[in-house]
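**Q** My numbering numbers the first residue of the sequence shown as 1031 and each following residue consecutively. Ideal Cβ positions, reconstructed from N, Cα and C, are used throughout, including at glycine. What follows is a structure written as structure tokens; I'll ask about it next.
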Amino acid sequence: METHIRDITVEDIRKWLKEVVDPEIPVISIEDLGVLRDIRKEGETFIITITPTYSGCPAMDMITLNIHKKMRECGVPHFKVETQIAPPWTTDWMSEEGKRKLKEFGIAPPMGNRGSEDLINRHPPCPFCNSTNTVLVSAFGSTACKALFKCKDCAEPFDYFKCH
Ligand SMILES: [Zn+2]
1031 METHIRDITV
1041 EDIRKWLKEV
1051 VDPEIPVISI
1061 EDLGVLRDIR
1071 KEGETFIITI
1081 TPTYSGCPAM
1091 DMITLNIHKK
1101 MRECGVPHFK
1111 VETQIAPPWT
1121 TDWMSEEGKR
1131 KLKEFGIAPP
1141 MGNRGSEDLI
1151 NRHPPCPFCN
1161 STNTVLVSAF
1171 GSTACKALFK
1181 CKDCAEPFDY
1191 FKCH
């Protein structure tokens, strides 16, 4: 059956966008990440609003591209992706589901709220063995938004997603 524009709802768009993930953490959807801020319909056009995580994050171009791809795949004829930079993205917007998936992926999820980061005194549970006997190795991990920790129990190094 052919889908007509009048049949597509904001909820459909939301459902389809669940398949658009963060290119760096491909288990987390842009909704779980808190990057997807709003979907609305103006006339026949769906306006999809996203807020970039870290400014200049190269993943954002990829996310915009993937949204376009997904919308075309689903046969959405009129849509626009708008970037909203204020208020700035914060890890507070990450969903509990997103944090759980992050941990499964091997990255310790952010523990505090915006502005509360205290890496030296932070002991994020090791994503591999759950031990809190963990120690900061470097304030910067595989990307600037993560810090590198090491688990003293299982000896595994891991990334911790910093509060932002
Ligand atoms: Zn461990």
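Helix or strand or just coil, what does DSSP make of Asp1068?
**A** If DSSP states are grouped into helix, strand and coil, Asp1068 belongs with the strands.
**Q** Does the beta-carbon of Asp1091, which I'm using as the reference point, lie nearer than 7 Å to any heavy atom of ligand 1?
**A** Asp1091 Cβ: outside cutoff for every heavy atom of ligand 1.
**Q** Whose C-alpha, out of Leu1047, Thr1075, Thr1120, is nearest the C-alpha of Phe1109?
**A** Thr1075
**Q** Let's test the definition: count the other Cβ atoms within 10 Å of the Cβ of Thr1121 and tell me whether it reaches 16, buried, or not, exposed.
**A** buried
**Q** Can you list, in chain order, the residues of its chain with a C-beta nearer than 8 Å to that of Ser1161? Leave out the 5 residues immediately preceding and following it.
**A** Within the same chain, Ser1161 has close Cβ partners Pro1155, Cys1181, Lys1182, Asp1183, Cys1184.
**Q** Distance, Cα to Cα, Leu1047 vs His1153?
**A** 34 Å
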